[in-house]
Amino acid sequence: MSEITVTLPDGSTLSAEAGETVEDIAYRIGEGLGRDTKAGVVDGELVSKEEPLDADCRIEIVTDSSEEYIEVLRHSASHVFAQALQRLYPDAKLTIGPSTDEGFYYDVTNVDLDEDDLADIEDEMADIVESDYEIRRVDVPRDDAVDFYEDNEFKREILETEAAGEDPVSFYEQDDWRDLCQGPHVDSTGEIGGFKLLSVSAAYWRGDEENESLTRVYGTAFPTESELEDFLEMREEAKERDHRKIGREMDLFSVPEHSPGCPHYHPNGMAIRRELEDYIREKNDELGFDEVRTPELNKAELWKPTGHYETFTENGEMFAWEQDDTEYGLKPMNCANHAHVYQSKTHSYRDLPVRFSEFGNVYRNEQSGELSGLLRVRGLTQDDGHAFVRPDQIQGEILDILRAIEDIYGHFNLEVLYKLETRGEGAMGSEEIWKQATDALIDALREEDLDYDVEEGEAAFYGPKIGINARDALGREWTIGTVQVDFNIPRNLDLTYIGEDNEEHHPVMIHRALLGSFERFMGVIIEHFKGNFPLWLAPEQIRVLPVTDDNIPYAREVASELGDFRVEVEDRSWTVGRKIQQAHDDNVPYMLVVGGNEEEAGTVSVRDRQEREEQGVDLADFRDHLELEVEQKRTGLTFLV
Ligand SMILES: [Zn+2]
Ligand SMILES: [Zn+2]
């Protein structure tokens, strides 16, 4: 047996014999850890504790207090679901049942299920959990496995692909039931403290629309019942905040069937988007970005030297077609066009940084099943920008962008989280170039004293980046903006500037988006604010409510005094109570109630969305205050504080 070196998370090493398992290593570290071992993470991959180690590797032991434990538990819950399903529907065929960020799913077929059937399956699952069956890994000779799945072409395909050449193959068994599986799993079904089946939908085998349609059952599981309850409560709240629901209620946008994945902004939604655009234009001016406009339609060869063509066509994400013997496409990114604008004249080192911004419309062919409102789209507008800088300007440029982002997100009450994404597979350019670029990003983060997570291997193919995530009111994280250092595209497109030495040099290209895309950012803030936008963003900022029809002329006078705001007069002949209710339902920040008393005194009664009230307010005072509230982009309503 050969010796291997195992590196532990603290950097220390152990020597082991090839063939020793994750669990063996855990026991060597300590008897207690050995007993508590549920699984392992070997070179970044979650594996079962029985996994033999054949070569030098990095290893983490997974116990029930590890972050990865929930994945192991949830995948185990998918087995409990599958066993319960087959108890009730013996002919049901199983395919795959992985864990997800929110729980698990299992894709099944040969069974007709709808949401009404889930309660019975849950009862059966409860029985399996209560029985606390031991979950055992068993090695099954390959031929026996093939026989076992005589009637299940999906599992046979898995045996021929993922498990190709393995003999024996691994199964997991509980009670008298078994499933082909790599693991890992928890030790017994009783470890699942709380579970729930959530929904039934359709899915294609291997996610490919050409393949057979399967039934996907989603569920979730937690170590305890109370964690499950918290999750379900949060899920209800998320449903209430669903941007598609609020988008309909507030008449913000629609995604008609004839334009899949391409949202239409209605006047109310466009009012919000214009505020966002104005704000970002202002920031771009401050940061020294010059606005340009480049076309959506280009010859496909535009994206070949930048690597975008290969990347986007490989994933089927590019809209491209033949026209007059030439391949054309809709741009998936703006980088190449901006590089061409840079290249259109010569630059001296003194001109740098040269910066271009664009609200760039890009198109990506997302699968139709994945499309959802503003958050998963095919057509989107990025608030894109590219800075072409000298190497000595990288850090300063990144710092300015990070500071702008901090400032911007504060006006939305969004917490910013930074993810440093490093070199992954298929990266363009040398390791040395990548290190230089990654160091520049780290230096900027440190300089600003910002905490960040490192996501190894997650960067785009052309350079490392800082992914900007926002944490919303429900604690959910959304990937929004980005800052990316790129030494590769300038080389591949031979972008140059004349240096102090009179020689040609390649500039460094910094790609950045402050909000990401307007679509995604709007989707996020609709849910984050639950439609209760700050005054500066609200589609309708003020509604004037005449107490009776006689007060309508005065109401119109008041509205015209507030002409700089988005103001409406409620002129339906309703009771004032109903008018107030409607304004609340429409999430209008400020209501001005005007009746006989107000008309006589030339004042208004102010009421806000938070049901605070003040009578006899001078209209000029109100207007001055609101102008300030908008100008400072305050997140709260402050007139009646
Ligand atoms: Zn499994
Ligand atoms: Zn770019």
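Residue numbers for the sequence shown follow our numbering, so the first one is -10 and each next one is one higher.
The C-beta atom is built at its ideal place from N, Cα and C for all residues, glycine as well.
None of the values given here were measured: they were computed from a predicted structure.
Cβ-Cβ distance between residue i and residue j below 8 Å
i, j, result
"Arg532", "Val577", "yes"
"Ala572", "Met580", "yes"
"Val135", "Pro157", "no"
"His174", "Ser65", "yes"
"Ala707", "Asp96", "The requested residue 707 is not part of the displayed model; the chain covers only -10 to 630."
"Leu363", "Arg145", "no"
"Phe377", "Ile422", "no"
"Asp43", "Lys27", "no"
"Arg205", "Tyr58", "no"
"Asp313", "Leu504", "no"
"Ile48", "Ile(-7)", "no"
"Met239", "Asp575", "yes"
"Glu111", "Ser88", "no"
"Trp194", "Phe160", "no"
"Tyr407", "Tyr441", "yes"
"Tyr338", "Glu489", "yes"
Residue nearest to residue i in terms of C-alpha spacing, selected from the options
i, options, result
"Asp633", "Ser120, Trp525, Arg561 and Leu534", "The structure shown has nothing for residue 633, since the chain only spans -10 to 630."
"Gly605", "Glu616, Leu629, Leu617 and Val619", "Leu629"
"Glu303", "Gly415, Gly349 and Leu291", "Gly415"
"Glu12", "Pro41, Glu56 and Glu618", "Pro41"
"Glu620", "Phe220, Asp560 and Pro523", "Pro523"
"Glu447", "Leu439, Glu410, Gly464 and Leu187", "Glu410"
"Leu62", "Ser177, Ile48 and Arg24", "Ser177"
"Thr564", "Lys519, Asp539, Glu546 and Arg545", "Asp539"
"Gln425", "Glu266, Lys568, Ser(-9) and Ile383", "Ile383"
"Ala227", "Glu493, Asn491, Tyr543 and Arg465", "Arg465"
"Lys519", "Val(-5), Pro79 and Glu225", "Glu225"
"Leu203", "Ile85, Thr10 and Ala289", "Ile85"
"Ala609", "Arg623, Phe450, Glu56 and Val593", "Val593"
"Leu217", "Arg237, Arg195 and Lys185", "Lys185"
"Ala527", "Phe401, Gly8 and Lys293", "Phe401"
"Ser1", "Gly8, Ile18 and Thr10", "Ile18"
Presumed contact (8 Å Cβ cut-off) between residue i and residue j, rounded CB distance
i, j, result
"Arg353", "Cys251", "Rounded, the Cβ-Cβ distance is 11 Å, inconsistent with contact."
"Val208", "Gly92", "The identity of residue 208 in the sequence shown is Gly, whereas the question assumes Val. Confirmed, Cβ separation roughly 5 Å."
"Arg501", "Thr468", "Not confirmed; about 14 Å, so no contact."
"Val351", "Pro321", "6 Å"
"Leu77", "Glu113", "6 Å"
"Pro496", "Arg598", "About 49 Å; that fails the 8 Å criterion."
"Leu360", "Pro245", "With a Cβ gap of about 12 Å, Leu360 and Pro245 do not count as contacting."
"Thr370", "Phe278", "Rounded, the Cβ-Cβ distance is 16 Å, inconsistent with contact."
"His329", "Phe345", "Actually they are not in contact, since the Cβ atoms of His329 and Phe345 sit about 10 Å apart, beyond 8 Å."
"Leu276", "Asn257", "Wrong, their Cβ atoms sit about 30 Å apart, outside the cutoff."
"Gln163", "Tyr138", "Going by Cβ atoms, the distance from Gln163 to Tyr138 rounds to 18 Å, so no, they are not a contact pair."
"Glu104", "Val189", "5 Å"
"Arg567", "Gln530", "So it is not a contact: roughly 21 Å between Cβ atoms."
Exercise. Count the C-beta pairs between the region 113 to 125 and the region 62 to 75 that are closer than 8 Å, then say yes if the count reaches three, no if not.
Key: Touching, yes, given that three or more Cβ pairs across the two stretches are closer than 8 Å.
Quiz item: Okay, do the region 453 to 469 and the region 304 to 319 touch, 3+ Cβ pairs below 8 Å being the bar?
Solution: Touching, no.
Practice problem: Examine the Cβ distances between the region 178 to 189 and the region 32 to 46 and report whether three or more of them are shorter than 8 Å. | Solution: As far as the Cβ criterion goes, the region 178 to 189 does not touch the region 32 to 46, which means the pair count is below three.
Quiz item: Can you find at least 3 beta carbon pairs, one from the region 315 to 334 and one from the region 289 to 298, that sit closer than 8 Å?
Solution: Yes, since at least three Cβ pairs between the region 315 to 334 and the region 289 to 298 fall closer than 8 Å, the two stretches touch.
Practice problem: Could you tell me whether the region 479 to 490 touches the region 427 to 437, where touching means 3 or more Cβ pairs closer than 8 Å? | Solution: Per the Cβ contact rule, the region 479 to 490 is not in contact with the region 427 to 437 (fewer than 3 Cβ pairs under 8 Å).
Quiz item: Between the region 257 to 268 and the region 280 to 291, do three or more beta carbon pairs fall short of 8 Å?
Solution: As far as the Cβ criterion goes, the region 257 to 268 does not touch the region 280 to 291, which means the pair count is below three.
Quiz item: Got a list of residues with beta-carbon closer than 5 Å to any non-hydrogen atom of ligand 2, in chain order?
Solution: Residues with a Cβ closer than 5 Å to any heavy atom of ligand 2, in chain order: Cys324 and His500.
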